[in-house]
Each structure stands twice: as C-alpha cells, then as structure tokens.
Amino acid sequence: MTEHEERPASLTGQAQSPEAGVEMSRETSPETGVEMSQETGRDPVRILAIESSCDETAAAVVENGRKVLSSVIYSQIETHTVFGGVVPEIASRKHIEKINQVVDAALKESGIPLRELSAVAVTMGPGLVGPLLIGVSFAKALAFAEDLPLLGVNHIEGHVSANFIAHPDLEPPFLCLIVSGGHTHLVVVEDYGRYRLVGRTRDDAAGEAFDKVARSVGLGYPGGPKVDAEAKKGNPDAMVFPKAKVHDAPYDFSFSGLKSAVLNFQNHAAMTGEQYSRADLVASFQKACVDVLVEHTIAAAKDLKIRKIAMAGGVASNSCLRATMQEACRRRGFTLCFPPPVLCTDNAAMIGAAAYYRYLRGEFSGLDLNAVPGLKLEMIPLDA
Ligand code: KG4
Ligand code: ZN
Numbered sequence: 014m015t016e017h018e019e020r021p022a023s024l025t026g027q028a029q030s031p032e033a034g035v036e037m038s039r040e041t042s043p044e045t046g047v048e049m050s051q052e053t054g055r056d057p058v059r060i061l062a063i064e065s066s067c068d069e070t071a072a073a074v075v076e077n078g079r080k081v082l083s084s085v086i087y088s089q090i091e092t093h094t095v096f097g098g099v100v101p102e103i104a105s106r107k108h109i110e111k112i113n114q115v116v117d118a119a120l121k122e123s124g125i126p127l128r129e130l131s132a133v134a135v136t137m138g139p140g141l142v143g144p145l146l147i148g149v150s151f152a153k154a155l156a157f158a159e160d161l162p163l164l165g166v167n168h169i170e171g172h173v174s175a176n177f178i179a180h181p182d183l184e185p186p187f188l189c190l191i192v193s194g195g196h197t198h199l200v201v202v203e204d205y206g207r208y209r210l211v212g213r214t215r216d217d218a219a220g221e222a223f224d225k226v227a228r229s230v231g232l233g234y235p236g237g238p239k240v241d242a243e244a245k246k247g248n249p250d251a252m253v254f255p256k257a258k259v260h261d262a263p264y265d266f267s268f269s270g271l272k273s274a275v276l277n278f279q280n281h282a283a284m285t286g287e288q289y290s291r292a293d294l295v296a297s298f299q300k301a302c303v304d305v306l307v308e309h310t311i312a313a314a315k316d317l318k319i320r321k322i323a324m325a326g327g328v329a330s331n332s333c334l335r336a337t338m339q340e341a342c343r344r345r346g347f348t349l350c351f352p353p354p355v356l357c358t359d360n361a362a363m364i365g366a367a368a369y370y371r372y373l374r375g376e377f378s379g380l381d382l383n384a385v386p387g388l389k390l391e392m393i394p395l396d397a
C-alpha cells in the first residue's frame with residue numbers, strides 16, 4: 014500500500030485551507046459557556062458531514078455552514094486508475110475499509126468531541142448506490158448511537174454550497190454554473206435551498222466529455238485534470254470544433270457532438286496517416302467546451318440581470334474555464350466566485366455547508382433515510 018493510500022489527505026492547517034482568512038470572531042455564551050458565533054448570535058452549529066457518493070471517502074466538521082474545522086478526503090484514484098475508471102464494487106469496498114478512519118480523523122482534527130456536535134449530515138444522492146449506502150448507513154448508525162439529528166444532503170447542492178465556504182460574504186441570489194462528472198446545470202440560486210433552472214445539458218455532462226476525450230486520446234483516468242494539464246502544452250486554435258446550440262433553449266448545453274467530433278478527427282487522422290499533436294487536440298477540445306460554458310453563462314446573466322456568478326463541481330477547477338470566465342466577468346463588471354480546486358472536487362466540507370442551511374430550515378431526516386442514486390436537485394422552471 015502506498016503512502017497516499019495509507020494516510021487521508023487533510024485540508025485544515027495547510028496552505029490549501031479553504032477557510033484561510035475567513036475566520037469568524039467568537040465569544041462565549043454566558044448561559045452555556047459554549048462558544049458563540051458573533052455572526053449568528055447563536056451557539057455555533059457544528060455539523061459532522063460525510064461524503065461517499067463516488068470514489069472519495071470524506072468527512073468534515075463545519076461550523077455555521079462557513080467555517081471548516083476539519084476536512085479529510087481519502088481519494089481512491091490510485092485504486093481505480095488501473096481500470097481506467099471507477100469500479101463501483103471496488104469503490105464500495107474501499108469506503109467500508111476507510112470510513113471509520115476518515116471520520117475519526119475529521120473529528121480529531123476538529124477538536125470537537127462527538128457530544129458537542131449539532132448534527133450528522135450525509136450525501137444521500139445522486140451517486141453510485143453502493144458507495145452512497147456506506148455513508149448513509151454509517152451516518153444513521155452514528156446519529157442513532159449519539160442521539161444526534163440526521164440530515165440527508167443532495168450532492169449537487171453540496172457542490173453549490175462549497176462557494177459559501179470559499180466566499181464568506183457570498184449570499185443568494187446569484188447565478189451558478191454547476192459542472193461535474195455527472196451534471197451540467199445553470200441555475201439561479203434565489204435563496205439558500207431555492208434553485209431556478211436556467212439551462213442544463215441535453216446529453217453528456219461537461220466532466221463526462223473531458224473524461225471520454227481523455228480516454229480516447231490515451232490520457233486515461235482521471236480525465237479532466239489530465240486534459241487540463243496536457244492542454245497547457247497545446248494550441249487551442251489548432252482545430253476548430255463545433256459549439257452546439259440547442260434550438261429554443263439558448264442556455265442549454267450539448268457535449269456529445271463535440272466529443273464525437275474529437276473522435277472523428279482522430280479516426281480520420283488514423284485513416285489518412287495525418288500527423289497531429291495530442292496537446293493541440295485536447296487544447297482545442299477544451300477551448301470549445303469552455304467557450305460554450307462561458308458564453309451561455311454570460312448570456313443568461315445578462316438576460317436575467319444577475320451580476321453575481323459562481324461556479325461549482327469538479328470541472329470548475331479547470332484552469333482554462335476559470336481564466337476564461339474570469340476575463341468575461343471582468344469585461345462586464347460581473348462578480349465571479351469559485352471554490353479552490355480541493356473544494357470543487359468531491360469533499361465533505363461542502364456537504365456540511367449545505368447541511369447547515371437545511372438545519373436552519375429544520376429539514377431533518379428520519380432513520381429511514383435511504384440512498385437515492387438518481388436524486389434530482391429540486392428546481393423551479395425558469396418560466397414558473
Ligand atoms: O464534482 P466531481 O468531483 O464529481 C461529480 O460529482 O461528478 O467532478 C468530477 C469531474 C470528472 O469528470 C473530472 O474529470 C472533472 O470533474 N474534473 C475536471 C478537472 N478536475 C476534475 N475537468 C476539467 N478540468 C479539471 N481540472
Ligand atoms: Zn461531485
């Protein structure tokens with residue numbers, strides 16, 4: 014076993030700490046002697062959050078939805094790399110092996126004893142059913158044993174909420190581009206937990222397109238970060254790939270045509286013996302993908318008169334997307350926020366942030382909480 018596998022990665026106390034410089038001032042409650050947050054005037058709400066929807070076993074303790082007291086992520090990337098993608102059964106087994114250790118590490122690092130927690134939160138979906146069930150079962154057992162409230166959290170809402178950790182002043186409403194391995198949505202976050210659907214992908218998610226292209230050009234798994242790195246060596250204008258528009262739905266996305274265009278280019282080159290640079294190919298693919306994401310987001314922001322934009326999900330850590338969106342927002346005077354990469358990809362701190370607002374709304378789960386692999390984020394249609 015490698016060192017990477019042995020020890021879970023930890024966020025807090027390191028240079029990559031997402032909450033650096035955002036600490037809230039605290040004082041002690043005269044009645045309880047417990048530290049109070051000046052921001053809320055209430056006793057701090059400290060939630061232990063667990064995430065296991067795919068190939069990361071993660072746990073975090075988050076205070077008042079914004080302050081990460083600890084965040085531990087055990088990544089299974091090395092385990093799945095040999096298979097070229099996530100193998101659900103192997104992922105489940107790894108989650109079982111690691112979840113105790115990861116939760117224990119998160120609790121220790123936070124310095125918060127179990128009895129001082131306010132609730133246990135867990136990702137209930139969407140994701141892989143086996144991996145989800147490990148987290149849900151663990152959280153239910155812990156909530157029952159410690160007599161703590163339980164909160165089932167939507168993974169996508171978690172991704173959006175990572176922005177609340179990274180940007181302590183961020184408040185709804187804002188427009189959010191959610192780009193992960195399984196989802197591509199453009200939503201207006203009207204309030205905490207209230208989403209209006211502006212656009213969505215009609216076929217592949219953006220992350221899926223990155224992963225499929227990475228596989229077809231021989232970069233392997235995990236695709237997104239590898240394409241990002243390879244593209245830095247190439248010319249993004251070397252090839253021109255189509256930017257699909259969806260008829261009558263100006264903010265919707267479609268990435269399957271782009272993915273096919275890349276495959277066709279490769280097949281054609283193989284047949285004719287034409288030489289090309291892989292770095293140029295992935296840089297051109299990435300540019301086409303990023304341009305569509307940015308153009309639709311900016312168009313929606315202009316049309317809906319929203320001047321605050323956020324990005325969320327694994328693809329939001331893409332360097333080209335971050336730079337292109339930043340420049341587009343700067344030119345129009347829009348505010349842009351996105352979390353640091355470690356909060357864009359799967360982690361439990363974002364689940365703790367989303368759970369806090371559920372906690373405030375009293376949206377608790379019963380011990381009959383189940384994993385819902387196809388869980389949808391409840392969204393109000395744009396025209397309603
Ligand atoms: O949000 P996430 O960690 O998991 C899901 O909920 O799906 O997103 C994973 C996706 C994968 O498709 C991965 O290839 C992509 O995010 N990704 C990236 C980058 N880092 C991760 N895509 C492009 N550039 C990156 N730097
Ligand atoms: Zn995710």
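Each residue of the sequence shown is one higher than the one before, counting from 14 in this note's numbering. In this text, a Cβ means the ideal position worked out from N, Cα and C, and glycines have one as well.
{"query": "On the criterion of 16 or more Cβ atoms from any shown chain inside 10 Å, does Asp217 qualify as buried, or is it exposed?", "result": "buried"}
{"query": "Buried or exposed: which applies to Ile112, given that a residue is buried once 16 or more other Cβ atoms fall within 10 Å of its Cβ?", "result": "buried"}
{"query": "What are the residues that DSSP puts in a beta bridge with Asp381?", "result": "DSSP lists no partner for Asp381."}
{"query": "Can we say the region 334-345 touches the region 91-111, given the rule of at least three CB pairs closer than 8 angstroms?", "result": "no"}
{"query": "Can you tell me which of the three DSSP states Tyr208 falls into?", "result": "strand"}
{"query": "With C-beta atoms as the reference, is Ile364 less than 8 angstroms away from Glu76?", "result": "no"}
{"query": "Are the region 90-104 and the region 224-235 touching by the rule of at least three beta carbon pairs closer than 8 angstroms?", "result": "yes"}
{"query": "Go through the region 77-122 residue by residue and report every complete run of the beta strand (DSSP E) that reaches 3 residues or more, in order.", "result": "80-88"}
{"query": "With respect to 7 angstroms, is the separation between the Cβ of Pro238 and the closest non-hydrogen atom of the ligand KG4 below this value?", "result": "yes"}
{"query": "Taking all protein chains shown into account, do 16 or more other C-beta atoms lie within 10 angstroms of the C-beta of Phe266, making it buried, or fewer, making it exposed?", "result": "buried"}
{"query": "Is it right to say Tyr144 is buried, meaning 16 or more other beta carbons lie within 10 angstroms of its own, or is it exposed?", "result": "Note that residue 144 is Pro in the sequence shown, not Tyr. Buried, by the Cβ-count rule."}
{"query": "Using a strict less-than 5 angstroms threshold between each residue's beta carbon and the heavy atoms of the ligand ZN, what residues do you get?", "result": "Ser193 and Asp359"}
{"query": "What are the start and end residues of each continuous beta strand (DSSP E) run of 3 or more residues lying completely inside the region 196-250, in chain order?", "result": "197-204 and 207-213"}
{"query": "On the DSSP bridge list, what partners appear for Lys321?", "result": "Thr348"}
{"query": "So does Glu287 have its beta carbon nearer than 7 angstroms to some heavy atom of the ligand KG4?", "result": "no"}
{"query": "State buried or exposed for Ser273, treating a residue as buried only when at least 16 other CB atoms are found within 10 Å of its CB.", "result": "exposed"}
{"query": "Would Ala72 and Leu61 qualify as a contact pair, given that the criterion is a beta-carbon distance under 8 angstroms?", "result": "yes"}
{"query": "Only counting the same chain, and skipping five residues up and downstream in sequence, which positions put a Cβ closer than 7 angstroms to that of Val202?", "result": "Val173, Pro185, Pro186, Phe187, Cys189 and Tyr208"}
{"query": "Does the beta-carbon distance from Gly327 to Ser229 come in below 8 angstroms?", "result": "no"}
{"query": "Does the beta carbon of Asn113 sit closer than 8 angstroms to a beta carbon anywhere in chain C?", "result": "In summary, chain C is missing from the structure at hand, where a single protein chain is found."}
{"query": "Which class does Glu376 belong to by DSSP, given the choice of helix, strand or coil?", "result": "coil"}
{"query": "In whole angstroms, what separates the C-alpha of Val47 from that of Pro101?", "result": "Because the pLDDT at Val47 is just 38, under 50, the model does not fix this residue reliably, and the point stays unresolved."}
{"query": "Measuring CB atoms only, is the region 300-314 touching the region 253-266, in the sense that at least three cross pairs come out at less than 8 angstroms?", "result": "yes"}
{"query": "Which term fits Asp316, buried or exposed, when burial requires 16 or more other beta carbons within 10 angstroms of its beta carbon?", "result": "exposed"}
{"query": "Using a 10 Å radius around the Cβ and a threshold of 16 neighbouring Cβ atoms, would you call Gly138 buried or exposed?", "result": "buried"}
{"query": "Hey, could you find the ends of the beta strand (DSSP E) Pro386 is sitting in?", "result": "First-last for Pro386: undefined, no H or E at that position."}
{"query": "Buried or exposed for Ile178, please, with buried defined as at least 16 other CB atoms from any protein chain shown within 10 angstroms of its CB.", "result": "buried"}
{"query": "Would you tell me roughly how many angstroms separate the C-alpha atoms of Glu36 and Ala366, rounded to the nearest one?", "result": "Caution applies to Glu36, whose pLDDT of 30 falls short of 50 and renders its modelled position unreliable; the model cannot decide the point."}
{"query": "Nearest to Val133 by CA position, among Val142, Pro354 and Ala119, is which residue?", "result": "Ala119"}
{"query": "Which one or two residues does DSSP pair with Phe266 in a beta bridge?", "result": "Thr214"}
{"query": "Report the CB separation of Ala301 from Leu271 in whole angstroms; it is logged as a contact under 8 angstroms.", "result": "6 angstroms"}
{"query": "Does any heavy atom of the ligand KG4 sit closer than 7 angstroms to the C-beta of Val328?", "result": "yes"}
{"query": "For Pro394, name the three-state secondary structure that DSSP assigns.", "result": "strand"}
{"query": "Leu382 and Val149: beta carbons closer than 8 angstroms?", "result": "yes"}
{"query": "Since I believe Ala323 is in contact with Ala350 (beta carbons under 8 angstroms), could you give me their beta-carbon distance rounded to a whole number of angstroms?", "result": "The question names Ala, yet the displayed sequence has Cys at residue 350. Right, their Cβ atoms sit about 5 angstroms apart."}
{"query": "When DSSP labels each residue in this structure, what does Cys67 get in the three-state scheme?", "result": "coil"}
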